[in-house]
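Below is one structure; the comments refer to it alone.
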Amino acid sequence: MRRILLCLSAVAACCTLPTQALDLGGLVKAGSNAAKAASLSDSDIQALTRQSCAQLDSKSRIAGPNDKYAQRLATVIRDMPTTVENQTADYKVYLTSSVNAWAMANGCIRVYSGLMDMMDDDELRGVIGHEIGHVAKGHTRKAMQTAYGVAAGRDLAGAQGGTAAALSESQVGEFAEKLINAQFSQSQESEADNYSFDLLTQLKLRREGLVTAFQKLAKLDGGKSSMLSSHPSSAERAANMQERIDAKG
61 MRRILLCLSA VAACCTLPTQ ALDLGGLVKA GSNAAKAASL SDSDIQALTR QSCAQLDSKS
121 RIAGPNDKYA QRLATVIRDM PTTVENQTAD YKVYLTSSVN AWAMANGCIR VYSGLMDMMD
181 DDELRGVIGH EIGHVAKGHT RKAMQTAYGV AAGRDLAGAQ GGTAAALSES QVGEFAEKLI
241 NAQFSQSQES EADNYSFDLL TQLKLRREGL VTAFQKLAKL DGGKSSMLSS HPSSAERAAN
301 MQERIDAKG
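What the sequence shown shows, in the numbering used here, is residues 61 to 309, in sequence order.
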């Protein structure tokens, strides 16, 4: 929904880059960054998302198993997906006042305590479903391709002799931030909204939380929250979800 946020996926593979080569550090020529980004394979994407998630985790306060936020999240996700694009779903809470949540193709799903403070359980499920939707619909892969191309082109990274382009530790941090703050298009946001609605319907969970979550976000910074920034507005999205609920009964 960022977006929320959520924060990545479907890259055309013209050449395959070996996963084992995705270690930190290295050099690459700026002129080859577009080709490198376009040639990211599924295994490369998994490796880069693992690096990104690990980097973000290392810089964040994560709620432990006995923390009230972690315990609440465990209840919220009890009936939510256990996999994301065939990867085991790894749900954790970042202890921060920021209002955000995101998901990555390797199954990494993070919910911020600031978001949990303002949302009820049904609303959190709607938001989490939306973030998973960005992954399932390939939006995060596209965001990753763009972020990787920029990082590899501006900085040093990479490989010769068939070795995959790699990012330095500092680049991974910047790359990860770009992923979780990616701005999605109107059609992508609508697709993720509908994915969440359909997922909750399939799981026989309440969909009303999608409506009230958007309504709350619409009040945040005049509807300009970085989490669900944009097009259409949060108020419009709430109305769209209500229309779907009314139509299905």
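Where a beta carbon is used, it is the ideal one built from N, C-alpha and C, also for glycine.
The alpha helix (DSSP H) spanning residue i covers which residue range?
i    : result
A298 : 294 to 308
I169 : No alpha helix (DSSP H) contains I169, which is instead part of the beta strand (DSSP E) from 168 to 172.
A130 : 128 to 136
A196 : 181 to 196
A252 : 246 to 262
E268 : 268 to 279
S230 : 229 to 240
So residue i is in the beta strand (DSSP E); what residue range does that whole segment cover?
i    : result
K152 : 150 to 154
A107 : Not the beta strand (DSSP E): A107 falls in the alpha helix (DSSP H), residues 102 to 118.
A310 : Past the edges of the chain, shown from 61 to 309, lies residue 310, and the structure says nothing about it.
Please report the straight-line C-alpha distance between residue i and residue j, rounded to a whole angstrom.
i    : j    : result
M301 : A149 : 25 Å
S120 : S112 : 12 Å
T156 : D117 : 12 Å
E249 : H194 : 8 Å
V144 : Y129 : 22 Å
L270 : A295 : 11 Å
S293 : S245 : 12 Å
S256 : A203 : 20 Å
P125 : S173 : 14 Å
A123 : L133 : 10 Å
S103 : A278 : 38 Å
T272 : D127 : 26 Å
V136 : D181 : 6 Å
K308 : P141 : 22 Å
N146 : A299 : 32 Å
R297 : D253 : 8 Å
R267 : S228 : 42 Å
Q231 : D306 : 47 Å
L175 : G209 : 31 Å
K197 : E251 : 8 Å
E303 : F274 : 14 Å
Once you ignore the five residues that flank residue i on each side, which residues in its own chain have a CB closer than 7 Å to its CB?
i    : result
C109 : The amino acid at residue 109 is misidentified as Cys; the sequence shows Thr. Only L68, M164, A165, N166, C168 meet the Cβ criterion.
M178 : V159, K276
R313 : Given a span of 61 to 309 for the chain in the structure shown, any question on residue 313 remains unanswerable.
G233 : Q115
L265 : D139, R185
L280 : V159
Excluding the five sequence neighbours on either side, which residues of its own chain have a C-beta within less than 8 Å of the C-beta of residue i, listed in chain order?
i    : result
A207 : F235, K238, L239, A242
Q131 : P125
Note down, in chain order, each residue of its chain lying with its Cβ closer than 6 Å to the Cβ of residue i, except the 5 sequence neighbours on either side.
i    : result
H199 : F244, Q248
G221 : Low confidence applies here, because G221 scores a pLDDT of 31, under 50, leaving its location unreliable; read the following figure in that light. Cβ within range, chain order: n/a, list empty.
K89  : A caution first: K89 carries a pLDDT of 43, below 50, which makes its placement in the model too unreliable to give a value.
Return no unless some Cβ of chain D is closer than 9 Å to the Cβ of residue i.
i    : result
D306 : Absent from the structure: chain D. Only one protein chain is present.
Is the stretch 185 to 194 close to the stretch 254 to 268, with three or more CB pairs under 8 Å? These segments touch.
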